[in-house]
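S.K.:
Number of protein chains: 2
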Amino acid sequence: MKIPEGIKFDDQGLMVAIAQDVENGEVLMQAFMNEEALRLSLETGVAHYYSRSRKKLWKKGESSGHVQQVKEVRLDCDLDAVILKVHQIGGACHTGFRSCFYRVVNPDGSLREEGQKVFNPGQVYKK
Amino acid sequence: MKIPEGIKFDDQGLMVAIAQDVENGEVLMQAFMNEEALRLSLETGVAHYYSRSRKKLWKKGESSGHVQQVKEVRLDCDLDAVILKVHQIGGACHTGFRSCFYRVVNPDGSLREEGQKVFNPGQVYKK
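Same order as they appear, the protein sequences are chains A and B. So the first sequence is numbered by numbering that gives the first Met the number 0: it starts at 0 and just counts up by one. So the second sequence is numbered by numbering that gives the first Met the number 0: it starts at 0 and just counts up by one.
#1: I'd like to know if the stretch 35-43 of chain A and the stretch 94-112 of chain A are in contact, where contact means that at least 3 CB-CB pairs between them fall below 8 Å.
#2: Beta carbons nearer than 9 Å to chain B: which residues of the stretch 93-105 of chain A have them?
#3: I'd like the span of the alpha helix (DSSP H) that includes A/Val123, first residue to last.
#4: Out of A/Cys92, A/Cys76 and A/Leu78, which has the shortest C-alpha to C-alpha gap to B/Leu78?
#5: How many Å lie between A/Gly114 and A/Thr94 at the Cα?
#6: The alpha helix (DSSP H) that contains B/Ala91, what's its start and end?
#7: Helix or strand or just coil, what does DSSP make of B/Ala30?
#8: Would you kindly check if the distance between the Cβ of B/Asp9 and the Cβ of A/Gln29 is under 8 Å?
#9: In chain A, what lies closer than 7 Å to B/Arg73 by C-beta?
#10: Since A/Ala46 and A/Lys59 should fall inside the 8 Å C-beta cutoff, what is the C-beta to C-beta distance between them, to a whole number of angstroms?
#11: Given this structure, state the Cα-to-Cα distance separating B/Asn119 from A/Gln87, to the nearest angstrom.
#12: What are the residues of the stretch 19-42 of chain B that lie near chain A, defined by any Cβ-Cβ distance shorter than 8 Å?
#13: Count the other CB atoms within 10 Å of the CB of A/Gly64; is the residue buried (16 or more) or exposed (fewer)?
#14: Could you give the C-beta distance for B/Ala16 and B/Phe31, rounded to a whole number, given that I count them as a contact under 8 Å?
#15: Run through chain A and tell me which residues come within less than 8 Å of B/Val15, C-beta to C-beta.
#16: Check this for me: beta carbons of A/Gln67 and A/Val81, under 8 Å apart or not?
#17: Check whether the Cβ atoms of A/Glu112 and A/Tyr124 sit closer than 8 Å, and answer yes or no.
#18: Near A/Val25, what residues of its chain come up, given a Cβ to Cβ distance below 6 Å and the 5 sequence neighbours on each side ignored?
#19: Anything in chain A within Cβ reach of B/Leu110, meaning under 8 Å, just list it in chain order.
#20: Tell me the rounded alpha-carbon separation between B/Leu13 and A/Gly12.
#21: Please tell me whether B/Asp10 has its Cβ less than 8 Å away from any Cβ of chain A.
#22: Below 8 Å on the Cβ atoms is my guess for B/Lys70 versus B/Phe96; work out the distance and round it to an integer in Å.
#23: Give the straight-line distance between the Cα atoms of B/Asp20 and A/Gly44, rounded to the nearest whole angstrom.
#24: State the start and end residues of the unbroken beta strand (DSSP E) segment that holds A/Met48.
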C-alpha cells in the first residue's frame, strides 16, 4: 500500500496512530508514527510506530512476536490521525492484556481492571 | 466522576483522547485533552477537549449541538491516553460524517470515502 498525499505530521514530525481490532472493533493501543513508520506499516502490512521515549522507529511485536497485521487504514478529516485496523497476534499490551486500555475509571476516580489477559509478560519478555 | 490519580500529560500538558461509539465500537474522532478538559468531561458527563490550533478548551457540540454523552472512560497502561465511550448525538465530524475517520487508503495510496453521512454541515453551522 502506498502512502497517501497530504498527510500532516505535527511540529515533531509525528501523527497519532490508533490500532483497532479488525475482528471486534476493540481499540488495542494508541501510539505515534513518523513518516517512516507510516510508510513501513503500509508497505510491509505490519504495524510500525515511533517511540517518543526511546526516540526510534519500532516494529510492534519485534521482541514479543505479537505483531499487528494491517487489514485496513483509515485517515481522519484533518489527515493528521490514522487508524490501523489490525489482526493482532497475541496481545497488544506489554502487561499481557489484549488491549492497553484495560483500566476503567470508577465514579470515585479509582481504576478497575477490565480486560482480557492473554499472555504472561514474564515469559514473553524473559529473553 | 472524579479524575483518577497518576494521569500523565505531555510537555504541552496534553493527552491523547479517543472517542468511541459505545453502541457499535466505531472510533468517532481523536483529539487532545488538557487536565481541565478531562476534569470537565468526567464531572459533567459530556466530552470536552483542548484545541491545539485554537489554544482553548472546547465543548464538543457547542455550536452544532452534536454533543457526546460519556458512558465509560478507559485509560491505557501508561496513563497517558484516554478512551471515552460515548453516545454521540448527530455526527462527530464537522464534515457531516458520523466519524472523522471516513477515508480509507486504497492500495495505490488514493483515498476513498466510506462512512455514514448524518448531517449537512451547511445547515448545522450556518449560524
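From the three backbone atoms N, C-alpha and C, an ideal C-beta is built for every residue, glycine too.
M.R.: Inspection of the coordinates gives the following:
#1: no
#2: His93, Thr94, Phe96, Ser98, Cys99, Phe100, Tyr101, Arg102, Val103, Val104 and Asn105
#3: Pro120 to Val123
#4: A/Cys92
#5: 11 Å
#6: No alpha helix (DSSP H) contains B/Ala91, which DSSP labels as neither H nor E.
#7: strand
#8: no
#9: Phe100, Arg102 and Val103
#10: 5 Å
#11: 37 Å
#12: Gln19, Asn23, Gly24, Glu25, Val26, Met28, Gln29 and Leu41
#13: exposed
#14: 6 Å
#15: Val15 and Gln29
#16: no
#17: no
#18: The sequence given here places Glu at residue 25 of chain A; Val does not occur at that position. So the list reads Ser98, once near-sequence residues are dropped.
#19: Pro3 and Leu74
#20: 17 Å
#21: no
#22: Contact doesn't hold; Cβ gap of about 21 Å is too wide.
#23: 27 Å
#24: According to the sequence as given, residue 48 of chain A is Tyr; it is not Met. Note, A/Tyr48: beta strand (DSSP E), His47 to Ser50.
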